[in-house]
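Under our numbering, the residues of the sequence shown are numbered 1 to 386, in order.
Cβ atoms here follow ideal geometry from the backbone N, Cα and C, with glycine treated the same way.
See below for the structure under consideration.
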Amino acid sequence: MFSRRIPPQLEPNALARAVDALRESAAPVADLTESNPTRAGIPYPDGLLAPLAGAAALRYEPHPFGSPAARAAVALDQRRRGVDVDASDVVLTASTSEAYSWLFKLLCDPGDAVLVPSPSYPLFEHLTALEAVQATPYPLEYHGRWSMDLAAIGRAQDAVRAVLVVSPNNPTGSYITGDELSRLAHLCGERGWALIVDEVFADYPLDADAPLTDIASRAGVLTFSLAGLSKSVGLPQLKAAWIIAGGPAAERAAALARLELIADTYLPVATPVQVAMPHLLEAGAAVRGAIQQRIRHNLDALRTIARGHPACSVLPVEGGWSAVVRVPSTRSEEALVLDLVHRERILVHPGYFFDFPGESFVVVSLLPEPRLFADAVSRLFQFVSC
Ligand SMILES: Cc1ncc(COP(=O)(O)O)c(C=O)c1O
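As structure tokens, this is what we get:
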């Protein structure tokens, strides 16, 4: 009766079951997977959401790509990174996830493929399957830093329509480099592929010095950069994100004309958040600053604690909200994370969740409240070193 786009197995996995059981028992859990800034004690300025209730939000004037004022505010916000974006290239969506679904509708027929990085964001499996698109992984390889396997991308088959890049990547934290971008853009140009660059974490550089961002304005082939309020200003509950289209004018215009039909069919972005967009992007800088401070502080703490545990190592983190820790392979990653839940009441993501090429890795979020973070990380290292 049901579509094959939905996976046949819907039961929660062993880790999710263990966490549910622990939460039902009301035992406190140190959650090092927390990636929701509204639950991490980040300060939000008073009145930040006040414009959502303004009189202008009472009038409904639908625009497929979002109101001109909201799109102009997004374009203007790119200037803080020194980039000139035309508001006509900005498309508002309710989330980055929705942006992916629109771009797959735009670029792919059922059965076509998109190239996705591995390890990376686990949601790609569902985002592609729900659009009847195949996700074909290409490796990111670790040699002191994570780099794209461009030879593997070059071997991809005919059904490919687009290459996805996450920069900085979740969870490896790696930004695309200038050299990777020019080689990738060359391949895309040759094969007629579009480039989709998820830049939701681009505002959060850590080890990276002057990382490459705003890829849509640099690539020279049809490119879509994705970002949104969820990460840029720590407001995932407002459900507003954007696509910035870039590349040769004729291809960009053809893509936007088709995207407009998709956007007009759904009109998902609520009026109040569009009305508030200029204020949210301006006042939200304070939230971004608080998140930047938090992740830097926690990364320093993580490295300091790791120094006392030579069997473990924290991989370099160019940017983003998470860090990858290599731990001794004394048991499987699944056994390790289950033991951590049961014995220490610490929750971390296992590397296999992101398709790491081997064991043993755990991924920790850098967002949690600093005391909780330092305590849980100390106990984590103690546990895996034993
Ligand atoms: C790489 C990446 N892209 C997109 C998202 C989701 O963003 P949104 O809330 O705008 O859908 C996440 C969420 O963690 C993410 O890690």
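Asked	Found
Within 8 angstroms, strictly: CB atoms of residue 228 and residue 96	yes
Anticipated Cβ contact below 8 angstroms, residue 231 with residue 200, distance rounded	4 angstroms
Buried or exposed by the 16-neighbour rule on C-beta atoms within 10 Å, applied to residue 223	buried
Three-state class that DSSP yields for residue 318 in the structure shown	coil
Residues whose Cβ lies closer than 6 angstroms to any heavy atom of ligand 1, in chain order	35, 95, 96, 97, 121, 166, 170, 198, 200, 228, 230, 236, 241
Whole-number beta carbon distance between residue 90 and residue 65, since they are thought to touch under 8 angstroms	7 angstroms
Where residue 198 sits in the DSSP three-state scheme	strand
Selection from 147, 101, 42 that minimises the alpha carbon distance to residue 284	42
Inter-residue spacing [alpha-carbon to alpha-carbon] between residue 171 and residue 121	7 angstroms
Inter-stretch contact at 8 angstroms, needing at least 3 Cβ pairs: the stretch 284-295 / the stretch 176-190	no
Any alpha helix (DSSP H) of 4 or more consecutive residues that is wholly inside the stretch 284-362	285-307, 333-339
Distance CB(residue 77)-CB(residue 281) smaller than 8 angstroms	yes
For residue 143 and residue 151, the rounded distance between their alpha carbons	16 angstroms
Rounded Cβ spacing between residue 153 and residue 138 (contact assumed at less than 8 angstroms)	5 angstroms
Exposed unless 16 or more other CB atoms sit within 10 angstroms - verdict on residue 318	buried
Contact set for residue 305: own chain, Cβ-Cβ below 8 angstroms, skip 5 residues either direction	374, 377, 378, 381
Residue from 338, 343, 333 whose Cα sits closest to the Cα of residue 358	333
Residues of its chain near residue 225, where Cβ-Cβ distance is below 6 angstroms and the 5 sequence neighbours each way are ignored	197, 199, 215, 216, 244
Coarse secondary structure for residue 224, derived from DSSP in three states	strand
Span separating the alpha-carbon of residue 251 from that of residue 35	36 angstroms
Chain-order list of residues whose beta-carbon lies under 6 angstroms from that of residue 29 (same chain, five-residue window excluded)	22, 345, 347
Pairwise C-alpha distance: residue 289 and residue 372	20 angstroms
Beta carbon of residue 195 nearer than 8 angstroms to that of residue 219	yes
Bounding residues of the beta strand (DSSP E) (the contiguous stretch that carries residue 114)	113-118
Local conformation of residue 370 per DSSP, three classes	helix
Under the three-state DSSP convention, the category residue 30 falls into	strand
Residue 255 to residue 341 span [Cα, whole Å]	47 angstroms
Under the three-state DSSP convention, the category residue 7 falls into	coil
Closest Cα partner of residue 259 within the set 19, 49, 147, 107	107
Helix, strand or coil at residue 141 [DSSP, three-state]	strand
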